[in-house]
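One structure is given here, and the rest of the page talks about it.
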Amino acid sequence: MIIDRELVKRLRNKQAWSQEELAVASGLNLRTVQRIEKEGSISLQSKKALASVFGLNIEELDYVEPESCFEYKSVVFKNDVDWLSTWGRNNKQAEYKFDAQINSYAKQGWRVHTLNYGSSVHGGAGQVAVLFERLIELD
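Here numbering that gives the first Met the number 0 is used: the first residue of the sequence shown is 0, the next is one more, and so on.
Here you go:
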């Protein structure tokens, strides 16, 4: 089972205990305390010992996955498609600033979730539809 290892560290520090002192107070091996604080992995017996030494119910030590909430934004980026109107005879290299455009959204905290490339069949040649997401902080 997994417990909130950061909570264990905070409670230990609140008591001004070293890991060794926590091990002695709880009756656990020092290596066990080190593993618990590093990985959060714990047996039921060790969990009971820690809960007892900190004066908590064993459920209070459980790790709770923080809730994540994302907001989404879709953007269509257009490219120079002059080559279509000249049937591929346009040898001019158009400067495509797709990376710079994507990076401008990244600087605002957005990350790419999905990319869809347009096709001439649906009138979307030279277009890229990008779905961005970013984490919303929950209070």
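Beta carbons are placed, not taken as given, at the ideal position from N, Cα and C, and that holds for glycine. These numbers come from a predicted model, not from an experiment.
DSSP places V7 inside the alpha helix (DSSP H), whose first and last residues are 4-13. Taking 7 Å as the cut-off, the beta carbon of L134 is found no closer than this to the beta carbon of E66. Across the set W109, L21, A105, the C-alpha of L21 shows the shortest separation from the C-alpha of S51. In this structure, DSSP gives L55 a state outside helix and strand, which the three-state scheme calls coil. Restricting attention to K106, E38, S103, S45, the CA atom closest to the CA of V23 is found in S45. Under DSSP, E132 shares a beta bridge with Y71, R110. One alpha carbon belongs to R4, the other to W109, and they sit about 30 Å apart.
When the five nearest sequence neighbours on each side are left out, the beta carbons in the same chain lying within less than 8 Å of the beta carbon of N28 are those of A22, in order along the chain.
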